[in-house]
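Protein chains: 2
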Amino acid sequence: MKISTLSIGDELICGQVTDTNAGTIASLLLVEGVRVQRHITVGDNEPDIIGALSELGRVSDAVIVTGGLGPTADDVTSLAAARATGRRLVINEDARAHVRRMSGKLNNLIVSPLNDKQAMIPAKSALIPNPTGTACGFQLMQNGCHMFFMPGVPSEMIVMLRETVLPFILERVPLKRVIRSISLNLFGPCEAEVDELLRGIAQPEQGLTLGICVTFPWMKVTLRSEADNADAVAGLLQPAAETVRERLKEYCFSTGDVSMDDTVAELFLTSSLTLSLAESCSGGLIAKRITDVPGSSRYFSEGAVTYSNEAKIRLLGVPAELLNTHGAVSSECASAMAEGIRLASGSNLGLAVTGIAGPDGGSEEKPVGTVFISLAAPDGCRTKRFRFGGSRDEVRTLTAWTAIDWLRRYLLKQDILFNVNN
Amino acid sequence: MKISTLSIGDELICGQVTDTNAGTIASLLLVEGVRVQRHITVGDNEPDIIGALSELGRVSDAVIVTGGLGPTADDVTSLAAARATGRRLVINEDARAHVRRMSGKLNNLIVSPLNDKQAMIPAKSALIPNPTGTACGFQLMQNGCHMFFMPGVPSEMIVMLRETVLPFILERVPLKRVIRSISLNLFGPCEAEVDELLRGIAQPEQGLTLGICVTFPWMKVTLRSEADNADAVAGLLQPAAETVRERLKEYCFSTGDVSMDDTVAELFLTSSLTLSLAESCSGGLIAKRITDVPGSSRYFSEGAVTYSNEAKIRLLGVPAELLNTHGAVSSECASAMAEGIRLASGSNLGLAVTGIAGPDGGSEEKPVGTVFISLAAPDGCRTKRFRFGGSRDEVRTLTAWTAIDWLRRYLLKQDILFNVNN
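Residue numbers (numbering that gives the first Met the number 0), protein chains in the order written: chain A, 0 to 421; chain B, 0 to 421.
In structure tokens form, the structure reads like this:
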């Protein structure tokens, strides 16, 4: 089955916004063993959309289209779809009812007549329900090609894709090849090191490939195996995954789509330890990430974002003399912050960071990127100096990742004071 | 001049990596008044590349291709380009010398014979120099269409684009049109409301278009004008931009690429007021955003992420009785938090949020999404109840955006207690 995607939007073709829908669709299909063959992007322009639909309709069995279904005049996908397939645009009563219901719900406003535009779809199309937004999608069949039209808002699109489009397509795929993949997520080593560690594992001629995808500051290693049946795929994939896991050891913080933050949350929930934070250079980023996870209130008590010295003294009990002698960016201050927040909050663990995120504030002795991380626990306090490279944003990101990875390693009783090569 | 782009790579068509090259090329061309009309992505697959090149060659005056020029066997762009244009692949001595020089430099290794593959380009092509990597690009002319081939590594591609491809194309654009745009960034109204407010401003037949791009939870309105000369463009654009600005009023927080956080930072720096934060449901997200901006230490003193009631009592002085009577998610608690952090820190402004981000913890009286925001200032304390829709992540995002927008409005002496329709 030949599948193509078409993304529609002036903001996409102009390069103002990067399209992620095509990639989302392709990866969800790939998991099911189906590959997208061609992708096109065009602007909100009727002739260009008609041209792309005709071209893709000619070479594909299914075309998945996103974008251009909004209420405003610049969105012309429905009209172009009707013209490209020689249909009239007709009002769909189910779509109208849906649009009215959703607009009311989302805006608490009287429904504007504009919204009726979103209920106009090409004749002889079936609606694709949109449980989370106003714009319904629609699907139609033209010269043997299934065409699916969905709004471009990623969160709405993905629900419609999962609930309606994917099941429809997968039911019609003949002789599916089995493709399975296992992803392991790493933090710590550099790409060359991982490449070296994983040498010899891929066997492309057997259908076993290995890819490393670097998404600063972490990495995803994906093992992918393709064969005629599930047993053959598993026979290739499982032993290879074991080897990868053994070689990567503690660098691997999770598999699949499980984030570092989810991993740490899970570990806290099973440990029944509690946590408080004292952040200087990361400015709340660590607290934000900890509390991103639902249920974090069960182990997270409080965080102090102590940007000023006064706040370090008052909230964390860091001695003013210590700040005078060693400065706020020092091993001594980091330890005092960690011990201080642990004591004040009564939590089991106190995690603190202090450093110079830049772009200003560095010195020869303590250049930009100098960061101290400290973890105060019932069995003592560990503190380490780091020198992170990159922009302010990158230094803060690396600080938060390393600090949260310390929590993971502590809860797993692993070595904390290892080297980060980023 | 009709221009298309083609991105080649298995990792792109599979959705493993998001292509940014097409967007980079489109935006750099647009600045020069040239639009990309169509974009295609295909995998590293000879027939697919040949198909895309033939199709784009037929409808375009220039095709800019990226990807698939690497040394390994899976990269087949040069071969496909040769086949698509009926040429042989020949070794190019300049390319060979370049590849050998660069491989030595980059790897400190003996040059592998693999690299000679990168010196094979279609006959009758001109090299596109690559100052920063091994893979040279090449350009050729086929049936009146200029085709440019560059490696997919963004940092290498952009240098080659700027130094060779763009000048070549711009020299050949007949009667270059001048395109200029102005973007205004909004927070608060829903898309239908903005559409209503801006009705009648676009005059597409005169070359003045207006686009609304929703990037949750804010929006970008872009006015774009196109004409034969700069004066005509300015004559269309300036008055329209004035009108847009008047109609959008306080919703508009910045223009161009200036973020909400940058706007607020700038306002704090000129106001010489200081700020402290008390966050419950946003869990540090507001502090994180405030401290994302370099120089924030000049006005930001401290933040308290008070997840537990104990922390609200100890750090913010919220009376235990108040928590018992009204609960932590209440107007009374939000005000006490804002006043409390203002008093404790000695800052001019104390901003506090408390609410239920979900997915659990809601009740009939206070459903998930109920959030109280409070701003304590020298002239009194304002507190308001909100009901935000969406996931935990969306509730937290809307909370932080609304709270930070309150700071902007306060510093600009604007109305704070307006309605957010998101």
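Quick reminder that beta carbons are idealized off the backbone N, C-alpha and C, glycines included.
In chain order, Glu10, Gln15, Val16 make up the part of chain B whose C-beta sits under 9 Å from the C-beta of Cys212 of chain A. Look at Glu54 of chain A: its C-beta is under 8 Å from a C-beta on chain B.
Here Ala286 of chain B is buried, its C-beta having at least 16 other C-beta atoms within 10 Å.
Of the candidates B:Glu225, B:Phe215, B:Trp217, B:Pro216, the residue whose Cα lies closest to the Cα of Leu209 of chain B is B:Glu225.
Boundaries cannot be given for Gly42 of chain B, as no alpha helix (DSSP H) includes it and DSSP labels it neither H nor E. Each of B:Gly349, B:Ser346, B:Phe371 was checked against the Cα of His325 of chain B, and the nearest Cα belongs to B:Phe371. According to DSSP, Ile211 of chain A shares a beta bridge with A:Val220. Excluding sequence positions up to five before and after Ile289 of chain A, its CB lies within less than 6 Å of the CB of Ser295, Phe299, all in the same chain and listed in chain order.
8 Å or more divides the Cβ of Gly132 of chain B from the Cβ of Thr65 of chain B. By the Cβ rule, the segment 155-174 of chain A does not count as touching the segment 192-211 of chain A, because fewer than three pairs are nearer than 8 Å. Judged by beta-carbon spacing, Ala303 of chain B lies beyond the 8 Å limit of Pro318 of chain B, meaning their Cβ atoms are not closer than that value.
Gln36 of chain A is not a Cβ neighbour of Ser6 of chain A, given a cutoff of 8 Å. By the Cβ criterion, the segment 77-95 of chain B is in contact with the segment 50-66 of chain B, since at least three pairs of Cβ atoms, one from each stretch, lie closer than 8 Å.
Taking 9 Å as the Cβ-Cβ cut-off, the segment 66-83 of chain A approaches chain B at Gly69, Pro70, Thr71, Ala72, Asp73, given in chain order.
Counting along the chain, the unbroken alpha helix (DSSP H) around Leu268 of chain B starts and ends at 259-270. Chain B has a Cβ within less than 8 Å of the Cβ of Gln36 of chain A.
Of all residues in the segment 310-327 of chain A, the ones placed with a Cβ closer than 8 Å to any Cβ belonging to chain B are Ala310, Arg313, Leu314, in chain order. For Met149 of chain B, the uninterrupted beta strand (DSSP E) run begins and ends at 144-149, by DSSP. Gly368 of chain B is outside the set of residues whose beta carbon lies under 8 Å from a beta carbon in chain A. The segment 386-404 of chain A and the segment 254-274 of chain A touch, with no fewer than 3 CB-CB distances between them shorter than 8 Å. Partner residues in the beta bridge of Met119 of chain B, as assigned by DSSP, are B:Ile90. Ala240 of chain B carries a helical assignment under DSSP once its states are collapsed to helix, strand and coil.
Comparing alpha-carbon positions, the option among A:Ser182, A:Ala83, A:Thr353 lying closest to Met218 of chain A turns out to be A:Ser182. Ranking B:Ile355, B:Met159, B:Asp291, B:Cys251 by CA distance to the CA of Pro293 of chain A puts B:Ile355 first. Of all alpha-carbon atoms in B:Ser275, B:Gly389, B:Ala310, the one lying nearest the alpha-carbon of Ser344 of chain B is that of B:Ser275. When C-alpha distances from Ala375 of chain A are compared across A:Asp256, A:Lys383, A:Thr369, the shortest belongs to A:Lys383. Interface annotation for the segment 249-273 of chain B against chain A: empty, criterion Cβ-Cβ distance under 8 Å.
Proximity of chain B to Lys287 of chain A at the Cβ level (cut-off 7 Å) is accounted for by Gly282, Gly283, Leu284, Lys287, in chain order.
Distance from the CA of Asn44 of chain A to the CA of Cys13 of chain B, rounded to the nearest whole angstrom, comes to 27 Å.
Within chain B, no C-beta atom comes less than 9 Å from the C-beta of Gly32 of chain A; the nearest is roughly 12 Å away. Taking a cut-off of 8 Å on C-beta distances, the segment 118-129 of chain A touches the segment 91-98 of chain A, as three or more cross pairs fall below it. DSSP lists A:Leu374 as the beta-bridge partner residues of Arg381 of chain A.
Excluding its 5 nearest sequence neighbours in each direction, Gly379 of chain A has no C-beta neighbour in its own chain below 6 Å. Contact between Leu321 of chain A and Cys332 of chain A holds, since their C-beta atoms are separated by about 6 Å, short of 8 Å. From the listed residues A:Pro70, A:Thr214, A:Pro366, the smallest Cα separation to Ile211 of chain B is found for A:Pro70.
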